[in-house]
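**Student:** Numbering of the sequence shown is given in the numbering used here, commencing with residue 449 and proceeding in unit increments. Where a beta carbon is used, it is the ideal one built from N, C-alpha and C, also for glycine. Note that the coordinates shown come from a computational prediction; the quantities given were computed from them, not determined experimentally.
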Amino acid sequence: MTWRIDVKLVRFGVSVKEDLLKQFDFSINQKGYANRSEAIRDLIRLSLLKGEDNPSASAIGVIGYVFNHRKRELQHKLTHIGHRRLGEVISSMHIHIDETHCLEVVVAKGIVKELQELADEIISSRGVIYGELILSPHPKRL
Ligand code: NI
449 MTWRIDVKLV RFGVSVKEDL LKQFDFSINQ KGYANRSEAI RDLIRLSLLK GEDNPSASAI
509 GVIGYVFNHR KRELQHKLTH IGHRRLGEVI SSMHIHIDET HCLEVVVAKG IVKELQELAD
569 EIISSRGVIY GELILSPHPK RL
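(1) Does DSSP put I508 in a helix, in a strand, or in coil?
(2) Report the residue from R489, V560 and L581 whose alpha carbon sits nearest the alpha carbon of S506.
(3) I want to know whether the stretch 470-482 touches the stretch 547-561 - three or more CB-CB distances under 8 Å.
(4) What residue does the beta strand (DSSP E) around G397 start on, and which one ends it?
(5) Measuring from the CB of H524, is there a heavy atom of ligand 1 at a distance below 6 Å?
(6) What is the chain-ordered set of residues for which the beta carbon lies under 6 Å from any non-hydrogen atom of ligand 1?
(7) Find the nearest neighbour of L457 within the set R489, L563, Q471 and L469, judged by alpha-carbon distance.
(8) Are the CB atoms of A567 and L551 within a distance shorter than 7 Å?
(9) Within a Cβ cutoff of 7 Å, which residues of the same chain sit near I571, ignoring the five residues on either side of it in sequence?
(10) Express the C-alpha separation of H528 and L522 in angstroms, rounding to a whole number.
(11) Give me the Cβ distance between S584 and I492, rounded to the nearest whole Å; I'm assuming they're in contact under 8 Å.
(12) Which word fits L526, buried or exposed, when buried means at least 16 other C-beta atoms lie within 10 angstroms of its C-beta?
(13) Check this for me: beta carbons of T548 and N502, under 7 Å apart or not?
(14) Using DSSP's beta-bridge definition, name the partner residues of N516.
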């Protein structure tokens, strides 16, 4: 039995200055890409996702943030946000970093706009020292 994947691949040519291509090859080599095609596919996906032109696209979000757990109202607020956003939040993990600081990782799914709002609400809270949202397009879109 043979497997056949019904994905139509399209080849296209790109003109680029030699020096720029050398830098690109060096960069993707450092990152461990086996070839240019995979690196360019990732750049295209990233570009489609990063563009806020598609706020209703389905995505998976990972929000990582470091906060001061001694700020009691913050702990309550963060817990409240998680409970209020149950439809989006899939899982979370809490790591005690030192006597004062904790790291939390929240995984959520939804549309880009909702995930961005969730991340903004968490990261802008007083006592959150650093936070970042990593978005991945929903696998069905890739
Ligand atoms: Ni902790």
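**Tutor:** Reading off the structure:
(1) strand
(2) V560
(3) no
(4) The requested residue 397 is not part of the displayed model; the chain covers only 449 to 590.
(5) no
(6) H517, H542, H544 and C550
(7) R489
(8) no
(9) Y513 and G579
(10) 10 Å
(11) The pair is not a contact, with the Cβ atoms about 14 Å apart (cut-off 8 Å).
(12) buried
(13) no
(14) H549
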